[in-house]
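**Q** Same order as they appear, the protein sequences are chains S and X. Mapped onto the UniProt record's numbering, the consecutive letters of the first sequence carry residue numbers 1 to 370. Mapped onto the UniProt record's numbering, the consecutive letters of the second sequence carry residue numbers 1 to 370. Here a beta-carbon is modelled for each residue, glycine too, at the ideal position from N, C-alpha and C.
There are 2 protein chains.
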Amino acid sequence: MKIGILGGGQLGRMLIQEALKYDDEFYTLDPNADCSCANISFFTKGDFNEKQAVIDFGKDKDVVSIEIEHVNVEALQELEKQGVKVIPNSAIIKTIQQKILQKLFYEEHEIPSPAFQIILSAEEEIIIDYPFVQKLNTGGYDGKGVQIIKDESDFNNLWDQPSILENLVDIDKELSLIIAKNERGEIKSFPVTEMVADPKLNLLDFNISPTQISDDVQSQIDVIAAKFMKAADSDGLFAIELFLDKSGKVWVNETAPRLHNSGHQSQEGNANSQFEQFYRVLKNLPLADTSSLGFSGMLNLVGEENCSGKVKYEGLENVLKLADAYVHLYGKTETKPGRKMGHINVLSDSRDELLEQLIHIKSLVKVVAV
Amino acid sequence: MKIGILGGGQLGRMLIQEALKYDDEFYTLDPNADCSCANISFFTKGDFNEKQAVIDFGKDKDVVSIEIEHVNVEALQELEKQGVKVIPNSAIIKTIQQKILQKLFYEEHEIPSPAFQIILSAEEEIIIDYPFVQKLNTGGYDGKGVQIIKDESDFNNLWDQPSILENLVDIDKELSLIIAKNERGEIKSFPVTEMVADPKLNLLDFNISPTQISDDVQSQIDVIAAKFMKAADSDGLFAIELFLDKSGKVWVNETAPRLHNSGHQSQEGNANSQFEQFYRVLKNLPLADTSSLGFSGMLNLVGEENCSGKVKYEGLENVLKLADAYVHLYGKTETKPGRKMGHINVLSDSRDELLEQLIHIKSLVKVVAV
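(1) Rounded to whole angstroms, how far is the Cβ of K181/X from the Cβ of D235/X, which I believe are closer than 8 Å?
(2) Please list the partners that V346/S has in chain X, where partner means a Cβ-to-Cβ separation under 8 Å.
(3) For N284/S and R184/S, what's the separation of their Cα atoms in angstroms?
(4) Checking 8 Å against the spacing of the C-beta atoms, do G269/X and S296/X come in under that value?
(5) Output yes if chain X places a C-beta closer than 8 Å to the C-beta of A323/S; else output no.
(6) Under 9 Å between beta-carbons, which chain A residues line up against E317/X? List them in chain order, please.
(7) Tell me K321/X's beta-bridge partners as DSSP assigns them.
(8) Are there any heavy atoms of the ligand FAD lying less than 7 Å away from the beta-carbon of E194/S, as far as the coordinates show?
(9) What distance in whole Å lies between the Cβ atoms of L354/X and V365/X, which are believed to be in contact at a cut-off of 8 Å?
(10) In the structure shown, what three-state DSSP assignment does N72/S receive?
(11) In this structure, does DSSP put Q82/S in helix, strand or coil?
(12) Kindly give me the distance between the Cβ atoms of V133/S and G140/S, rounded to whole angstroms, as I take these residues to be in contact under 8 Å.
(13) Can you tell me which residues form a DSSP beta bridge with L237/X?
(14) Go to G342/X, then tell me how far its beta strand (DSSP E) extends in each direction, as first and last residue.
(15) How big is the Cα-Cα spacing for V327/S and I148/X?
(16) Any beta carbon of chain X sitting closer than 8 Å to that of G12/S?
(17) Can you tell me whether Q10/X is buried or exposed? The criterion is at least 16 other CB atoms within 10 Å of its CB, across all chains shown.
(18) Of the choices S262/X, S163/X, K144/X and E186/X, whose alpha-carbon is the least far from that of V196/X?
(19) Which residue wins for smallest C-alpha separation from P112/S, given the options A19/S, L320/S and L244/S?
(20) Decide yes or no for the touch test of the stretch 331–341 of chain S against the stretch 355–364 of chain S: beta carbon pairs closer than 8 Å, at least 3 of them.
(21) Check each residue of the stretch 14–36 of chain X: if its Cβ is closer than 7 Å to any Cβ of chain S, include it; give the result in chain order.
(22) Can you say whether V86/X is buried or exposed, counting buried as having 16 or more other CB atoms within 10 angstroms of its CB?
(23) So Q52/X and H70/X are in contact, right, with Cβ under 8 Å, and what is the actual spacing, rounded?
(24) Roughly how many whole angstroms lie between the Cα atoms of F190/X and G83/X?
(25) According to DSSP, is M1/X part of a helix, a strand, or is it coil?
(26) Check V54/S in the structure and name its three-state DSSP category.
(27) Across which residues does DSSP place Q147/X in a beta bridge pair?
(28) Considering only DSSP beta bridges, list what T95/S is partnered with.
(29) Quick check on DSSP: helix, strand or coil for Y279/X?
(30) Considering only C-alpha positions, which residue in the set E276/X, A256/X and S214/X is nearest to S247/X?
(31) Determine the chain X residues that contact G331/S at a beta-carbon separation under 7 Å, and present them in chain order.
(32) For L320/S, go through chain X and note every residue whose CB falls closer than 8 Å to its CB, in chain order.
(33) Could you give the DSSP three-state label for L299/S: helix, strand or coil?
(34) For H328/S, go through chain X and note every residue whose CB falls closer than 7 Å to its CB, in chain order.
(35) Taking all protein chains shown into account, do 16 or more other C-beta atoms lie within 10 angstroms of the C-beta of L358/X, making it buried, or fewer, making it exposed?
(36) Using the beta-carbon of each residue, which ones in chain X are nearer than 9 Å to A180/S?
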């Protein structure tokens, strides 16, 4: 089967890596000829935001999918008209791509998400209470396009672009649910993952799965997931990012219509990974068992501040000496401050030990330039 | 790092798949442009038995290795002279490549292997007792080049080529040990694997790991492994194929200086796979934890008799519905009778359940032509 993926980054790379267990041909489209997928797939250099480039790329594929949601949706609509299978479908990609449409989608389908105001420019009257989060309608990615406006004195920092202004949630935990649906109608989720703040560094950069939540919280999440999948009405693999507030209520922060950083620990931590599951969605195969094999965690390897150039992973050998630690690099030759270069998965029988080990490993390794 | 592999078959493919977790460049040399590695590595079409082809391929690599032992050894010697790292070294590949040299190597180093006679042609007087196994000096692979000569009436079938004639062992179990050594001198083996005869079909086609053996048998194997690694005096990953006879004595059948079919279940069955371990050998990284995660087993998917042409895997979907079963296909488009097209790994907490599940899965799936 000819599987076309818009985007050639690490998510595509790990998908293709997993799918090398099978016999399909993977094609990728990316503007960067040096991207993570270039040498392991049939690669086309091109812009996934250009309509014609996407149509040309997709028209002879059995299925076209994405590993980044910022792609040309009109092209996907055109491919669907031509009879090409597009997963997830163009409608849900379009909805999720635009934060305003995404928020209205939650509202319409009674999926709890923080109260909000839509603004099209900074001229509009602010009726939402301070402090609030401003999320740009388009172009947000990996924390970009999002800022907190603390109070009226901070008002001048408001971006003058179409945005969502959203109430802050009094967060107890940040959670994530990876859920998949195939064409035959099977739906299966992974155990809920928690994004943990490093108590020393105060950075949100560990995932731990499964999280420990009450039955009530789990059932709120189940209801949200069911509503989302019904409303989305699309095959695909989705990451629903959630806030659990201090009163015990679950809110949807946002959803990604694709493989997600919060699912990486499934590579060794679950019976099957999010990459295996997504592959099965693309082929409409029976969905895979997602059981946890114990506690698993993930830490991102990101480029250090003030380091740009040819990447060097300091201390990585010390990590390779550890049992239950699994290094995943993304085949990127150049590091930049904050660039995601890889991740490390860790397994443990206990949540406390896992967290300890994640903190230890984080202290061992640094992503610098040569 | 530029890693060159002679051969582009499934062993190379699964190595590259595993190593996509890291940042190296893999180069493969194979005469078949449609081989399993062609589209996932920097591929050179060429014959690994031709001296110049191997030298040209290897001279600019940081390390050159093999995924098949039938390669041009003179070229590897030349590359070593030029300062290219060759793993395993040319001397041990040469020894293992020729069954006569391999037997003499065992004899010289007091590694127990069945009594034998060397013949250079069928003219020679047979002094070994019937029945015996004839193994051609070169060209044997995957069961080819090996036959049993039952008695004097069978003598006319003797191949008229340089061979080893070897006493039959009264086999209780066929075992295999995968063992690795890196340049820094670390040596680590996987738990011993057992090749199990399917009680219904009487075919040797399941691996089970770990096997259940006595301490005495384990220590015989440990002694053999230590002697072998000392004598081989080479970095690399090796598969030592063993017979346990009915009196409880362990014999070496033969050794492969490479990744091996008997190690495939390590992909899901062990903390790290033979492919991860071999990658670490190639890079001289700390060797990985090889602990078993429970019982794991493997069955080969081989082309059915009377089926040649474009491959179709009948019943594979039923396997994908099972928990604890992992399908691995080799990216081969054409099936032939007996051709290894893939394998399925199975996990279980119990040896009996594992065997039952392997037999069940074997009944579910057939490799046929469209």
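**A** A quick look at the data gives this:
(1) Cβ atoms of K181/X and D235/X come within 8 Å of each other, at about 5 Å.
(2) For a Cβ distance threshold of 8 Å, nothing in chain X lies close to V346/S: the least Cβ distance comes to about 12 Å.
(3) Taking the Cα positions, N284/S is about 7 Å away from R184/S.
(4) Cβ atoms of G269/X and S296/X: closer than 8 Å.
(5) Against chain X, the CB of A323/S has a partner CB under 8 Å away; the residue lies at that interface.
(6) The structure shown contains no chain A; the protein chains it does contain are S and X.
(7) Beta-bridge pairing by DSSP links K321/X to no other residue.
(8) In the structure on display, the ligand FAD does not appear, and there are no ligands present to speak of.
(9) At roughly 17 Å, the Cβ-Cβ gap does not stay under 8 Å, so V365/X and L354/X are not in contact.
(10) It is coil, neither helix nor strand.
(11) The three-state secondary structure of Q82/S, taken from DSSP, is coil.
(12) Approximately 11 Å separates the beta-carbon atoms of V133/S and G140/S; this is outside 8 Å, ruling out the contact.
(13) Checking the DSSP bridge columns, you'll see L237/X partnered with A180/X.
(14) Here the beta strand (DSSP E) through G342/X covers K340 to S348.
(15) Their Cα atoms are separated by approximately 47 Å.
(16) Chain X contact via Cβ: absent.
(17) The residue in question, Q10/X, is buried, as its Cβ has 16 or more Cβ neighbours within 10 Å.
(18) Selection S262/X, S163/X, K144/X and E186/X evaluated against V196/X yields S262/X as nearest (Cα-Cα).
(19) Here the closest residue by C-alpha is L244/S.
(20) Taking 8 Å as the limit for Cβ pairs, the verdict is that the stretch 355–364 of chain S does not touch the stretch 331–341 of chain S.
(21) Taking a C-beta cut-off of 7 Å against chain S, the contacting residues of the stretch 14–36 of chain X are Q17, L20, K21, Y22 and D23, listed in chain order.
(22) Counting Cβ neighbours within 10 Å, V86/X comes out buried, since at least 16 surround it.
(23) Contact annotation, Q52/X with H70/X: C-beta distance approximately 17 Å; criterion of less than 8 Å not satisfied.
(24) Approximately 31 Å between the Cα atoms of the pair.
(25) DSSP places M1/X in the coil class of the three-state scheme, outside both helix and strand.
(26) When secondary structure is reduced to three states using DSSP, V54/S falls in the helix class.
(27) Its beta-bridge partners are Q134/X.
(28) In DSSP, T95/S forms no bridge with anything.
(29) Three-state result, Y279/X: helix.
(30) Checking every option, the nearest Cα to that of S247/X belongs to S214/X.
(31) Taking a Cβ-Cβ cut-off of 7 Å, the neighbours of G331/S in chain X comprise D23, given in sequence order.
(32) Those are R280, L285, P286 and A288, listed as they occur along chain X.
(33) L299/S: strand per DSSP, three-state reduction.
(34) Under the 7 Å cutoff, chain X gives K21.
(35) Counting Cβ neighbours within 10 Å, L358/X comes out buried, since at least 16 surround it.
(36) Simply none; closest approach about 14 Å.
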